[in-house]
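Take a look at the structure below.
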Amino acid sequence: MFEQIVFWSLAALTLGSALCVVLMRNTVHSSLFLGLSLAGVAGLYGSLGADFLFAAQIMVYVSGIAVLIMFAVMLLGRASDLHLRQVNDRWMAALLVCGVSAVGLCKVAASFRLAFATTPTKPGTHALGRLFLGEYLLPFELVSLVLLAALLGAVFFTHSEKA
Amino acid sequence: MTLAHYLAVGSGLFLIGVFGALTRRNIIGILMSVELMFNAANINLAAFDRFLHPGGVAGQSLALFVIAVAAAEVVVGLALLLAIYRNADTVYAEDFNLLKG
Amino acid sequence: MLEHAYLIPLIPFAASLIMFFGAKEDPHSPAPWIGVGAMLISLGLSVSVLLAFLGGAATYERNWHWFSFATTMGGKHFVHDMPIGVLIDGGAALVSVVVCFVSSLVQIYSIAYMHDDKRYKRYFCFVSFFTAAMLGLVLSSNLLVTFACWELMGLTSYLLIGFWFEREGPCEAQKKAFMTTKLGDSGLYLALLFLYSLAGSFQISQLGQFFSMGYAPAAVAAVIALGILVGAAGKSAQFPLFIWLPDAMQGPTPGSALIHAATMVAAGIYVVARLYFVFLAAPDVMALAAWVGCITAFMAAAMALVSYDIKGVLAFSTISQLGFMMCALGAGGYTAALFHLTTHAFFKALLFLGAGCVIHAVHTNDMREMGGLWTKLPVTFWTMLAACCAIAGLPLFSGSYSKDMILAYVWEFSKPMFWVMLGTALMTAFYMFRLIFLTFTGKDRDHEKFHHAHEAPGLMTVPLVLLVIPTIVSGLALNGVIFKLAPKPVLHFQTAAAHEVPADAHAAPAPAPAEAHAEAPAAQHHGDEHHQEGHLPPFLHYLLWVLVPASIAFSFFLYRGPKYPVADALKSALAPAFTLLERRWYMDDLFNVLVRVSDRVAALCFWVDANVVDRVFVDGWGLVMRVFAHLSDLFDALFVDRTVDGFGGLTNDVGVGLRSFVKDGQVQEYLMYAAIAFSLAATLILTR
Amino acid sequence: MTNLRLLAPEMVLSGLALLVLFVDLFVPVKRARLLYHLAWLSAAGVLVMTALTLSGASGAHGVGTLWSVDPFSQFLKMCVVMTTALCLLMGLDYAALPERHAGLYSALVLFAAAGLMFLVSATDLLLVFVAMELVSLSSFVLAGFERMNPKSNEGAMKYFVFGAFSSAIMVYGISLYYGATGGTKLAAAGVAASPLLLLSLVLILLGFAFKASIAPMHFWVPDAYEGAPTPVTTFLSIAPKIATLGVLVRLFGVVFPAPAWELTSLLALMAVLTMTLGNFTALFQDDAKRLLAYSSIAQAGYLLVGLAAGGTLGQEGVLLYAFTYVAMNLGCFAVTQAVGQAAGHYGLSAFDGLYKRSFGMALAMSFCLLSLAGIPPFAGFMGKMYIFSAAVKSGMMWLAVIGVLNSVVSVYYYFRIAQRMFLRDATGEAAPLPVGAFVAGGVAVAVVGVLLFGVYPEPLIAGVKASTRFLP
Amino acid sequence: MLSLIIWAPLVGALIVLCLPKEKVTAIQAVSFIAAGVSLVASLVMLRAFDADSAAMQFVERLPWIPSLNVNYSLGADGLSYPLVLLTTFMCVIALVGSLGIEKRVKEYFFWFLVLETGMLGVFVALDFILFYVFWELTLVPMYFLIGVWGGPKREFAAIKFFLYTLTGSVFMFLGLLAMYFKGGNTFDILQLMQLGPTWEPRFQILVFLALYLGLAVKIPAAPFHTWLPLAHVEAPTPISVILAAVLLKMGVYGLLRFCYQILPGGFQWFLPYLVLIAVINIVYGALCAMAQTDMKKMVAYSSVNHMGYCLLGIAGMSAAGFTGAVFQMVTHGIITGALFLLVGVVYDRAHTRDISAFGGLALKTPVYAGLMFLTCFASLGLPGLAGFVGEFMCFLGAFPMWKWHAAVSVLGIIATAAFFLRMMQKVFLGTFNEKWAGIEDMTVRELVSVVPLAVLTVWFGVYPTWPLSLMNKTIAAMLGK
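In structure tokens:
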């Protein structure tokens, strides 16, 4: 029962905020709702027993990315933004596309409607650690290259050059 | 709660993300929507771990990779946007139409 | 001398080459004498050959290897040898003598006639070449060579008609001549193809045997004969292809005398005679040939009645006489046709050369501007008079023998036809003497021209005189031997069949009139009856003896004076008929319509080519895509810079259509297509 | 333990990239070209190294936890590294690259190359994903490297947005794949062909399609290519494409034999779409880089034909075509760079009368273009022949027909360039074209490749055959 | 030996490429030497060529791409050898005609020699891939030769030529691939000749159609002929010569060599259509030519007409027809080559080819007019000149099988005569157009290029033994199989 309440509220939070993200006229509000939505996702991780993921989500996404985006919105915002429609005129087509996809994706979901969790949740951080330093060592290291590349790129782009 | 519920949430989030990416005029908005799509995938991964492969963490680890990569992407994206903003003074997708045809 | 007969065409050919490459264009050039000399040698050779045949020599054939080519016969593939050689029988020998003789004289005549022309050498070159081709045609044992010579004669005819190409008239005329004969040649061409596919050979002797044995189905023989007939109609100016010959008179007159009067135009007749076995196997076509000849003879004679052009009259008379020959061939008078061919060659050449002298003297073709010239041109007058007597068929002159023989065959063949031919013969006498009276007798009509007229030089008059001899005597001389010299060929299978089943359906000439029905097969079947043939019933002879002078007299009555009021009165009384004749039965107009229609068709074809065929492949897909694009509400995109100039619709429009998907460069449009792909994948895969 | 030594070349390359960054700290801006040299030498070194592993019996074949190394992957890696080295060489003559960022530029190119090398060997979606992101992120930055140039900005932005979107789709696909198979290994042993698996594969395919510029994920290509610095465009148009197609060959040829999965028709459809869209749209381009971008889309379509046809012949065809594609596309872009740089723009009119300005370059360009069009006796013909024979052999005659017709269409726009080079005269004075030594070297290599393997393709074919021998 | 013939021009081309472009004389000399080597070599081969053998001679065979079982194999028989001779000969003639080229000489001769290699290769290749390589190798030089040195619409003409031909040949390419797999991975033409006839008819028909598409464009058979008039009109004179004399022959050669010998089933099936196409080519081509006012375009359409005779001969499925087709190819090459050269002569002087712009030229230019007359009459099939022999044998071969078609085709002969006569009349005869008072007769260079052709025209017309003897055995054997 509790489980259900938690799930439904988290789901509502996630999806509701997500909807706000894409529909809000004010981009700052959107970015706030993004944080909320990501937090909801983190909650869902928690409810799935993915503790490390939960932590990572809160740390990286909610407090990292969402905030970063919020800064960016404020930094790059223009005064006129608030008066402009933030949704372009393709929304009907987009809605149609999403609606059609929804049919398919619901089928996917529905095919698992009898998959219940049979075992209690247990912490996976330890296993994750082994995996990262064992089997997944190479991608793990590669991610560092990815981050390095991103960092270099970010520096390169943001570095103000008036020479 | 079944896997179906989680997958449904994942699907919903994904589609909301798609919708946003297709319709937000602001590039940051598109970026945010894409983040939602990544998160949808992550929900799926975590849910599959929980329901289909109890005890397994492959999904979760994959999700972690996704988080890391998504973070990197956001960083690059925002930096790029900043550079553009300096040059063109716009963040609206429809203003980017120098290149076409 | 038979074994050297192959030299007869080769010598003039060599002469023409020597003249073409060796001689310069120069009025004092000795070049013409090369041609004349060559011609005389050939004449000597051919006379000796003729003498051999008169002495009873058998048909002579000699072949050399020419080329070989792979061929297919009866499902077998092998290399077939194509020989080249001579096949001489009495008829060929006779005709070759005629050709050599006339050609020699014409060339001698031309030396004087063409002396002032700036293309003096070229003329003789052409004439020698023509003679070579004609002799080749006459003597060749290979039908393909015959055809080649036939076409080469067409070429020389073309070249000589347009000899004075600076003027537009000859150019039109030469083209017309070539095209009209080419039209006919296509028939001969098809006949050749048919013959080869039937018999697997072009050797006339082999073909003759093939037909003689009755291997050729009647229908096929009929088609082949028809083809030959069409070819002959073109070359020998038979109805309806005679239109070119009157125009062909725009060339040098001696050339016309040789080519368009005496020899080349007779080639059609000669080839029909040479391939007579085909016609014998196709009696229907023979009858057709007879009628074609008859109609031609009549129509041409009628046209000659009203013409005032001295060469025109002669041209029409040529057509008419050729009609006689064709009619004779159709009626079964093989020998008669060859006989008439011979005599006609002599007197018609004489007439033309004489006309040349007249034109030379008065510088006009119009007989209304002549008159009384006999005092000025006595030699010309007397020689031409002799020729006129011959062509009119006055007794003892050569023409009378041959013409009477033809009429005799026609009488046996068909009575109505006989009466038409008889009328034509009378018309001949009338218009020929009309020519004489208008030109030579009475008072001069154009004093200026009369005053300046003078007799031609000796080089021109000597040939006239020389031609008078055969014009008068050839009939008498040949009358006795012609049946021996050129007996009518016989089809063996028909003679064999005739003994068993006299009324063989195969051989029966269906369209012939009833009374001819019984006689025609009999005439064909019995070679020993030849001597009884060729003579008219006596009462008809008497009729002719009365009627011919009568028509001459009528002519005299009409045209004796400087003015001819009766003729004019007749003309106004019968205006429509005169117009019809002056317009040459409207055949020229018909021809022009044909030309115009074919031009239109050509233009239409080209229009189709440029606007349909080309565009179907280049722009066709473009059209489809345009419709497609329109339906997809992308029409505006079509007007987006159409940079691609010519090549096409296909690439162009498809490209525009496709490009319009992303023409704004909006990144979210790109995303949209990706999303659509995603949703399609999701839906299609999962809802199957 | 994990057979990491098999991946020595790419790890060395990554290390060298870091080395370049490190050296960058100590090299004054004036001597920055040193870094380029260092970079291309590193790539060349790794090329040699890869080639050595191929020749050595032991090093060329082995399976790690997430990767497998075999001659097939080594062949593709060689192609990639070769491209990288040549593109870096081209960069030496590309004036618009800021000198002070030479180290960054070189390092990013090397990162991307390393990512592609990992990608080629990957047998696990995790590695695939990470490697691809490494490539993508480096490419995003590289595409926007002329950051003062609005076109470059815009191209990079579009590239980025599309890239992020498609990688999100791919990740979603991976998540479904995980659900369907319980792992991320690209090994389908014992897995039933459920619709879920099929969907996940299609979504992953879309992700790959983005990298390989296959329709319908190709829209970013012209914009990004036009905006990016020309050496980068060259790199982007070749290396990711052939690497991705290589992975797809492994995926569909080895891991999931495509015919069993009914994906063949999908691949064929995508091939048709890609070829047709690429070729027909290219007809209208007035910008050389953009034209070549569309042409490279079409080329991806041809490669995809080989993939869809499958079978040994198809696999060999993809490799062969990939190799020839390196030479011919590189040649085209190198000449384009020289011409565009001289003219100050990349409009087709820059090519007017090139024959007079530099006959050699004009000839080289036309050879490469003809090769792209698949006209013998150039190498592209051999590639096309291979690919279309694969299609014919596997009974997809219709696909081959569409393919050859497309190559006919392509001739039209390739010849628009040839036409301008040879048939028109420049409007102004025909000054000789300045060609940098390095670009000239690159062109020379490309032309030699195009001609040599066109006239005598036997060694190449033998190599390709040897490389695919290990694929089942 | 065959290799020498093929590659000598290419070597020459490479040498030309290395010469500086100012040294025009040297470039021309090298080109002549290269083409001359080919010509001499092909003539020397005459001594070794055994006309009594139907087998492939001078066979050369080296592995080229062993992995695909592709070989470098060459050979010549009575079908291809005459065409090789024609090619080497016409190339030298066209080179003489090319001496007048002044623009971008070096490139011109380079492309020209490359083109020669391609054309020669097509005729002697015995491996399909080799064949296809040579086949396509002719396209590129042709594109440039038309595109750079052509008339006002040269760019369009060049690309249209290229695309049209390429579209056809890619289908042919697919056909080759299909045969490759059907025949057990072999591109060997001789081997496929053994295998091909045993294949099931459906397959043969399909492959036949694919090959035919490629060949038909080249021939050009209606309705794929529309590239030809444009390409001919726009191309520079020597290139028109080559185009007409050699390039068109590649199509008919392919039809005889591949379509007939490898796919008799498909060929048999297609015969009724082929003969129809032949008739259309003949009659329609001639009618289109009749509507032309541009001499060159007229000659171009006459090529359509003449290639129709070839098709007609082939459709007859008889030795005479095949012989006629091959002979017609040779003679059409010679005659139409001469015609284009002659049209070029007047165009060089008057800068117009409009038929009605002239008149009475024969007065001023007797030699030119004489040669033109000779060639025109040869082209319209006057017996005694080369054109007749081939044409007549084509008809002879086709007649037993297609009587009606042949009869209709005769109309084409008449139309051909009509348009040639009209052209001659308007240009050379009639009153002299004073506008051209300054026109000069042919120069020595022009004579050198045309007179040999005229001599051959007469020779082959009067005494065709020699060229026929080269092909007889091969053709008899071809059909006898």
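Residue numbers (the working numbering), protein chains in the order written: chain Z, 45 to 207; chain W, 7 to 107; chain A, 55 to 742; chain H, 8 to 479; chain F, 26 to 506. Glycine included, each C-beta is placed from N, C-alpha and C at the ideal position. Just so it is clear, the structure is predicted and the values come from calculations on it, not from any experiment.
The C-alpha of LEU126(H) is placed about 16 Å away from the C-alpha of ALA329(H). ASN156(H) and ILE52(F) have their C-alpha atoms spaced approximately 48 Å apart. Considering only LEU83(H), ALA194(H), GLY285(H) and GLY435(H), the residue with the shortest C-alpha distance to ALA473(H) is LEU83(H).
Ranking LEU25(H), LEU45(H) and LYS296(H) by CA distance to the CA of SER159(H) puts LYS296(H) first. Going by DSSP, ALA101(F) is part of the beta strand (DSSP E) stretching over 95–101. The beta carbon of SER145(H) falls within 7 Å of a beta carbon belonging to chain Z, placing the residue at that interface. Contact check for ALA441(A) against LEU405(A) passes: the beta carbons are separated by less than 7 Å. Within chain Z, ALA193, LEU196 and GLY197 have C-beta atoms less than 8 Å from the C-beta of LEU115(H), given in sequence order. The Cβ-Cβ distance between ALA399(A) and ALA316(A) falls below 7 Å. Here SER67(W) is buried: its Cβ has 16 or more other Cβ atoms, across all protein chains shown, within 10 Å. Scanning the segment 485–511 of chain A from its first residue to its last, the whole alpha helix (DSSP H) runs of 4-plus residues come out as 501–506. At a cut-off of 7 Å between beta-carbon atoms, LEU740(A) makes contact with chain Z. Of the residues assessed, PHE115(Z) falls on the exposed side of the cut-off, its CB having fewer than 16 other CB atoms within 10 angstroms. Positions of the alpha helix (DSSP H) runs, each at least 4 residues long and wholly inside the segment 298–327 of chain F, are given as 310–315 in order along the chain. In this structure, the beta-carbon distance from VAL133(A) to ASN497(F) falls below 7 Å. Within chain A, ALA736 have C-beta atoms less than 7 Å from the C-beta of LEU149(Z), given in sequence order. Residues ARG179, ALA182, ALA183, PHE186, ALA256, GLU259, ALA260 and ILE264 of the same chain have their beta carbon placed closer than 7 Å to that of ILE171(F), with the five preceding and five following residues left out of the count. Taking C-beta atoms as the reference points, PHE155(A) and LEU97(A) count as a pair closer than 7 Å. By a beta-carbon distance limit of 8 Å, SER404(F) contacts GLY412(F). Their separation comes to about 5 Å. For the segment 358–391 of chain H, there are no residues whose beta carbon sits under 9 Å from a beta carbon of chain A. For THR377(F), the three-state secondary structure derived from DSSP is coil.
Taking a beta-carbon distance threshold of 7 Å, GLU100(W) does not count as an interface residue toward chain H. For the segment 215–243 of chain A, the set of residues with a beta-carbon nearer than 9 Å to any beta-carbon of chain F comprises GLY216, PHE219, GLU220, ARG221, GLU222, PRO224, CYS225, GLU226, GLN228, LYS229, PHE232, MET233, LYS236, LEU237, ASP239, SER240, GLY241 and TYR243, in chain order. A straight line joining the alpha-carbon of LEU454(F) with that of ALA443(F) spans about 15 Å. The segment 82–97 of chain W makes no contact with the segment 159–170 of chain A; the number of CB pairs closer than 8 Å stays below 3.
By the neighbour-count criterion, in which a residue is buried when 16 or more other Cβ atoms sit within 10 angstroms of its Cβ, LEU71(F) is exposed. Distance from the CA atom of ALA10(W) to the CA atom of PHE156(Z), rounded to whole angstroms, is 5 Å. The Cβ-Cβ distance between ALA349(H) and PRO441(H) falls below 7 Å.
Going by beta carbons, VAL228(H) and ILE176(H) fall outside the 7 Å limit. Here GLY422(F) is buried, its C-beta having at least 16 other C-beta atoms within 10 Å. For the pair of segments examined, the segment 103–111 of chain F was found not to touch the segment 33–44 of chain F: the number of CB pairs separated by less than 8 Å stays below three.
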